[in-house]
Every structure is written in C-alpha cells, then in structure tokens.
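First up is the structure itself, then whatever we jot down about it.
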Amino acid sequence: MAMVALKCPEIEVVVVDINEERIKAWNSEKLPIYEPGLLEVVKECRGRNLFFSTDTKKHVGEADVVFVSVNTPTKTHGIGAGRAADLTYWEGAARLIASVSTSSKIVVEKSTVPVKTAEAIGKVLKRNCLNPDVKFEILSNPEFLAEGTAMEDLQHPDRVLIGGSDTPSGQKAIQTLAEVYAHWIPRERILTANLWSAELAKLTANAFLAQRISSINAISALCEATGADVSQVAHAIGTDSRIGGKFLNASVGFGGSCFQKDILNLCYVCESVGLKEVADYWLQVVSMNDYQKQRFVERVIGAMFNTVSGKKIAVYGFAFKKDTGDTRETPAIDVCKGLIRDGAKCCIYDPEVKAEQIFRDLSAPKFEWDRPNYSRSQSHILENVQVQSDPVAAADGAHAICVLTEWDEFKKYDFAALYEKMVKPAFIFDGRNILDHAKLREIGFITYALGKPLDPFLVKGY
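Structure follows, in structure tokens:
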C-alpha cells in the first residue's frame with residue numbers, strides 16, 4: 001500500500017490493524033518488518049496520503065476500496081488440519097466490513113486464499129450488512145512480490161493480476177482497480193481474469209516456484225552421490241530458454257510464509273474435489289523439502305564422527321532468505337531442532353532477526369508461527385540455544401559453522417581468523433552454496449556444499 005501511496009498522491013491510503021504495537025511501529029522510524037527501500041517510501045508518504053491507524057471501524061467505513069491482507073494460516077485442528085487454510089481472520093474481516101459499511105465498496109483479496117473463497121466471503125458480506133442499498137464487489141488481486149526485493153517487484157512487476165465477476169458491476173470494479181495500477185504499470189502488464197482463475201493462479205505460482213527448488217535440491221543429492229556438480233548442472237539446463245535459470249540454486253530448502261502453506265492448501269483443494277493423484281504429486285514438493293533439511297542435518301552429524309553431542313555449532317543466518325527478517329517456515333528452524341535433538345548446542349547469528357524471535361520460533365509447534373501468542377515452552381530446545389549479535393563470538397569455540405541464509409556479509413568474513421578460534425577439525429557446512437570452498441580448504445576447513453563433490457575428508461574419513 002505504501003507503493004500505491006507513492007505513485008498515486010491523489011489517493012488517501014490508510015493501513016489499519018487491531019495490533020496497537022504494530023501500528024505504533026509503522027508510525028515510527030523503526031518499522032515492524034525489514035525490507036530494503038520500504039522505510040524511505042513510508043517516510044516520503046506518511047502524513048501526506050499514507051496513514052496508519054487502529055481505528056478500523058472508522059476508516060473501513062469511509063473507504064471506497066478495502067484491501068484485505070490478513071493471515072490465512074494452515075489449520076492446526078479439525079477437518080483439513082495440516083493442509084487446509086484457516087479463514088477465521090478473513091471471515092472476521094468480512095464481518096467487520098459488512099457491519100460498518102454505509103456505502104458500496106470494492107473488497108480486494110490480497111491474502112492468498114483457496115479457490116472459491118470470494119464466493120464464501122460474498123455471502124458473509126451480504127448477510128451481515130444492515131443497509132440493503134450497500135453493494136459489494138469482490139476482486140482477487142494476489143501479490144506476486146518476493147521478500148527482499150519487494151519494493152523493486154512492486155515498482156516493476158512482471159504482471160498485475162485482477163480477478164472479478166463477469167457482471168457489469170464486476171467488470172467496472174476491475175477497471176477501477178486497474179486505473180490505480182495504471183499510474184505506474186504499463187497496461188499490457190495488467191492482466192484480468194475471473195475470480196476463480198485469479199485465486200488459483202496465486203497458489204499455482206507458488207507451487208511452481210517451490211517445485212523448481214525441490215527439483216534442483218533432488219538433483220543435488222544425486223550429484224553428491226555421483227561426483228557431479230549441481231551448479232554446473234543447473235547452469236547447463238538453465239541456459240535452455242524453455243527452462244531458464246531462476247530458482248535453480250540448490251539450498252538447504254525453501255521457507256517463508258507462502259510456499260509450504262500454499263502447496264498444502266492446493267493439495268487439500270485437490271483432495272476435496274476428488275483429485276487425489278494431483279494432490280499426491282504436489283505433496284511430493286513438500287516432502288522433498290523436508291528430506292533436504294533432514295539430509296543436511298544427517299550430513300552434519302555424519303561428518304562430525306556421527307555425533308554432535310555437547311558440540312557448539314555456529315549457525316549463520318536464521319531468516320528464510322537474505323534481505324528480510326522473516327523467519328516463517330525458515331529451514332533454520334528444522335535444522336537447529338534436528339541438531340539439538342542429537343545433543344548439539346547451537347549459537348545463532350543473523351543480522352536482522354532478533355533473539356526473541358528466534359527463541360519463539362524454536363519453541364513453537366509447526367503451523368503456529370502466524371498466530372498470536374504462539375510461544376510454548378520447549379525447554380530442552382531453548383536450553384541448547386544461544387543467540388549472538390557478533391558472528392565472531394558465535395564461531396568462538398565452535399566445532400562447525402552452518403550457513404543457513406545467503407546473507408551477502410557472510411561472503412566477506414575473515415574465515416582465517418574464524419578458523420583460529422574454532423575447535424579442530426573445523427567444519428563449514430554451506431547450506432546456500434555461497435562460499436569459496438577452495439579457499440576455505442586452503443585455510444584448513446573441512447567443507448560441505450550441497451550438490452558439490454565431497455571434501456576428501458568426508459569421503460575417506462581422515
């Protein structure tokens with residue numbers, strides 16, 4: 001919404017949230033999320049045509065267009081638990097919109113939702129609005145940006161997708177929203193579709209992207225077994241114009257708020273309409289991601305003489321990717337828990353993730369990261385976790401370093417100095433394939449990179 005405010009100075013944008021602390025942060029110099037370039041845009045527009053408020057009833061009631069961007073987490077209990085999307089927050093937002101509306105509105109789905117959600121929300125809006133003259137048009141306008149490059153993605157998107165009904169009022173609503181985006185996006189990049197196609201397109205896009213990551217990660221395992229180099233394989237296939245080179249970097253696994261959640265949601269939708277084979281196909285993408293994380297943990301333990309009990313392991317990076325502080329479904333959670341279950345003591349450093357966030361994530365059950373008050377005690381985990389604000393201190397006395405996020409700063413470290421502070425033999429397990437392993441071996445490190453020929457030490461065992 002900050003980009004809309006920047007590009008459309010004549011439009012007043014009000015972001016509302018019931019969380020007072022979050023709104024205070026949006027009105028401060030320290031925003032509640034880290035995203036390169038976001039603070040500058042917010043500061044330029046805030047107080048001019050961009051406002052942040054907790055007065056949801058007032059501002060929703062006055063709005064002509066309402067964008068709904070609430071959480072749609074995976075259900076943790078009941079029918080569809082572990083796969084289906086929980087639309088509790090969406091339904092609550094719809095009931096609020098209906099209760100405060102005295103004029104007709106366009107309601108825009110920004111949250112990722114299952115197919116046919118617009119139909120259900122339309123019923124909630126209609127049945128809960130007391131004024132019979134108020135009409136609602138629902139649009140699906142899914143977000144295709146990537147964290148870490150969100151501002152660039154918003155300013156120069158590959159496409160903007162707007163889904164609406166085929167009625168005259170639905171088409172008019174589509175054009176109203178298209179006019180907003182046309183302030184800075186070429187018309188040919190503004191795509192229109194029906195509601196169900198737009199809702200499904202978002203789930204499908206995330207499924208395809210995650211599929212590519214799992215595909216190259218599967219090949220990385222084969223590369224290690226055969227002596228091939230996954231980077232060379234990826235380059236060879238990526239130069240094929242039918243395939244392309246994006247999302248072909250082998251890693252410890254994908255994370256973030258969308259990929260796993262949306263694939264599981266897609267699987268549930270498929271099962272709900274009797275397409276079990278289709279659901280099973282997409283579920284393999286998640287299974288391969290889990291396998292890659294487990295394989296990484298097993299490689300660490302196996303390399304370190306089949307035990308990490310009592311050993312300090314420095315973990316570099318906890319966010320699910322660089323240039324963001326987002327830790328939702330980050331592979332680091334499962335990797336750290338796996339190492340700790342085998343007795344390791346993890347010392348974690350991340351330049352953007354706060355210690356309290358790391359402790360919350362490591363104490364939270366799966367699928368509860370985006371629900372309020374999700375922290376539960378897991379003392380056996382937390383007793384073996386330390387968070388450091390200094391990467392050198394994190395490595396001091398460590399037996400190994402695990403690189404779990406591809407932060408650029410990690411490439412610039414003085415690894416010779418780090419080596420001197422570590423217990424020998426000193427290991428580096430590069431879960432993002434970002435380091436120069438030849439130089440690290442010259443220093444004395446025993447190194448492991450996903451999908452690369454194995455260090456002689458790991459092959460021979462000496």
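Residue numbers for the sequence shown follow UniProt numbering, beginning at 1 and rising by one.
Note that the Cβ used here is the ideal one computed from N, Cα and C, for glycine as well.
With 16 other Cβ atoms within 10 Å as the buried cut-off, status of residue i
i: V42; result: buried
i: E119; result: exposed
i: T447; result: buried
i: K452; result: buried
i: V423; result: exposed
i: L177; result: buried
i: L200; result: buried
i: G255; result: buried
i: I174; result: buried
i: F318; result: buried
i: L222; result: exposed
i: P9; result: exposed
i: A225; result: exposed
i: N217; result: buried
i: R433; result: Residue identity check: residue 433 is Asn in the sequence provided, not Arg. Burial call: buried.
i: A438; result: exposed
i: P186; result: exposed
i: A98; result: buried
i: P365; result: exposed
i: K172; result: exposed
i: P351; result: buried
i: T167; result: exposed
i: P456; result: exposed
i: N265; result: buried
Simplified DSSP assignment, three categories, for residue i
i: R46; result: strand
i: K135; result: coil
i: L161; result: strand
i: A201; result: helix
i: I23; result: helix
i: V68; result: strand
i: V4; result: helix
i: I301; result: helix
i: T192; result: strand
i: C347; result: strand
i: P9; result: coil
i: Q292; result: helix
i: F51; result: strand
i: E119; result: helix
i: E109; result: strand
i: K57; result: helix
i: T76; result: coil
i: Q388; result: coil
i: V285; result: helix
i: I216; result: helix
i: Y268; result: helix
i: I313; result: strand
i: S363; result: helix
i: S169; result: helix
i: A182; result: coil
i: A279; result: helix
Nearest-angstrom Cβ-Cβ length linking residue i and residue j, presumed shorter than 8 Å
i: F136; j: G122; result: 7 Å
i: A250; j: L450; result: 5 Å
i: residue 463; j: V252; result: No answer is possible for residue 463: the residues shown for the chain start at 1 and end at 462.
i: V385; j: F359; result: 7 Å
i: S257; j: D326; result: 7 Å
C-beta atoms of residue i and residue j nearer than 8 Å
i: L404; j: V335; result: yes
i: I443; j: I401; result: no
i: Y281; j: G80; result: no
i: L96; j: C45; result: no
i: residue 498; j: L195; result: Because residue 498 is not part of the residues shown, which for the chain are 1 to 462, the question remains open.
i: V66; j: V107; result: yes
i: E20; j: T56; result: no
i: A344; j: I381; result: no
i: V285; j: Q211; result: yes
i: K421; j: D396; result: yes
i: H399; j: M304; result: yes
i: G82; j: T74; result: yes
i: A198; j: P157; result: no
i: D86; j: T102; result: no
i: E40; j: A150; result: no
i: S165; j: K110; result: no
i: I219; j: F247; result: no
i: F445; j: A417; result: no
i: D262; j: A182; result: no
i: F52; j: V113; result: no
Distance cut-off 7 Å: residue i Cβ against heavy atoms of the ligand FAD
i: W26; result: Although the ligand FAD was asked about, the structure shown includes no ligands whatsoever.
| field | Uninterrupted beta strand (DSSP E) stretches inside the stretch 401-446 (no shorter than 3 residues) | value | Scanning the stretch 401-446 from its first residue to its last, the whole beta strand (DSSP E) runs of 3-plus residues come out as 427-430.
| Which ranges does the alpha helix (DSSP H) cover as unbroken runs of at least 4 residues, wholly within the stretch 230-254, from first to last along the chain? | 230-238
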